[in-house]
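*Asks:* Okay, here's the structure, questions in a sec.
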Amino acid sequence: MQKIDYLSYKPSDEQHVDHWLKVGTSDEFPENGGLCFKHRELQIAVFNFTNRNEWYACQNLCPHKMQMILSRGMIGSQQGEPKVACPFHKKTFSLKTGECLNGDECHITTFPVKEINGEIYVGLIERAEHAIQQDLKV
């Protein structure tokens, strides 16, 4: 079994996405909460901010405890910035930038999300995914 660490998550932004992965329909996600899905060896948390009518996605791996848990974290806002708090240590991360909002140096990888006719898609860079798999073989 391959070990995945937070460095395995390659960031993507909407400009560089070459693959939109359908992760479900909007009615499958909890209101103001998150779900996790697995893509290859990575776990990605997707959050439905019902109150803001916005969607966000990030790695599910907490960079502090190195456990797959962020999809179960509490979501909210800090000075207008959408955030998720790790349920283990309460560190909060921006769901836009991945920055730790508590001032720590750790960060998370975020992914673009779009909703089309009730279907939810997460943007990935498949070339990076292929590179991840090659890196893990070394």
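In full-length UniProt numbering, the protein residues as written are 1 to 138. All residues carry an ideal CB built from backbone N, CA and C; glycine is no exception. Quick caveat, the model's predicted, so the values are computed rather than measured.
Do residue 89 and residue 64 have their C-beta atoms within less than 9 angstroms of each other?
*Replies:* yes
*Asks:* Less than 8 angstroms between C-beta atoms, sequence neighbours within five positions excluded: which residues of the same chain meet that for residue 153?
*Replies:* Since the first residue of the chain shown is 1 and the last is 138, residue 153 is not available in this structure.
*Asks:* Work out the CA separation of residue 16 and residue 58 for me, nearest whole Å.
*Replies:* 16 angstroms
*Asks:* If we ignore side chains and look at the alpha-carbon of each, how far apart do residue 47 and residue 104 end up?
*Replies:* 23 angstroms
*Asks:* To which residues of the same chain is residue 114 closer than 6 angstroms at the C-beta, ignoring the five residues directly before and after it?
*Replies:* Within the same chain, and ignoring the five residues on either side of residue 114 in sequence, the residues whose Cβ sits closer than 6 angstroms to its Cβ are 121.
*Asks:* Suppose you measure from the CA of residue 124 to the CA of residue 87; what does that come to, to the nearest Å?
*Replies:* 26 angstroms
*Asks:* Between 93, 116, 80, which lies nearest to residue 109 when the distance is taken from Cα to Cα?
*Replies:* 93
*Asks:* With residue 75 and residue 49 assumed to form a contact (beta carbons below 8 angstroms), what rounded beta-carbon distance in angstroms separates them?
*Replies:* The C-beta distance from residue 75 to residue 49 rounds to 7 angstroms, short enough to meet the 8 angstroms contact threshold.
*Asks:* How many Å lie between residue 69 and residue 62 at the Cα?
*Replies:* 6 angstroms
*Asks:* Assign residue 71 to buried or exposed, taking buried as 16 or more other Cβ atoms, counted over all protein chains shown, within 10 Å of its Cβ.
*Replies:* buried
*Asks:* What does a CB cutoff of less than 8 angstroms around residue 34 pick up in its chain, not counting 5 residues either side in sequence?
*Replies:* 45, 46, 47, 48, 70, 71, 72, 73, 75, 84
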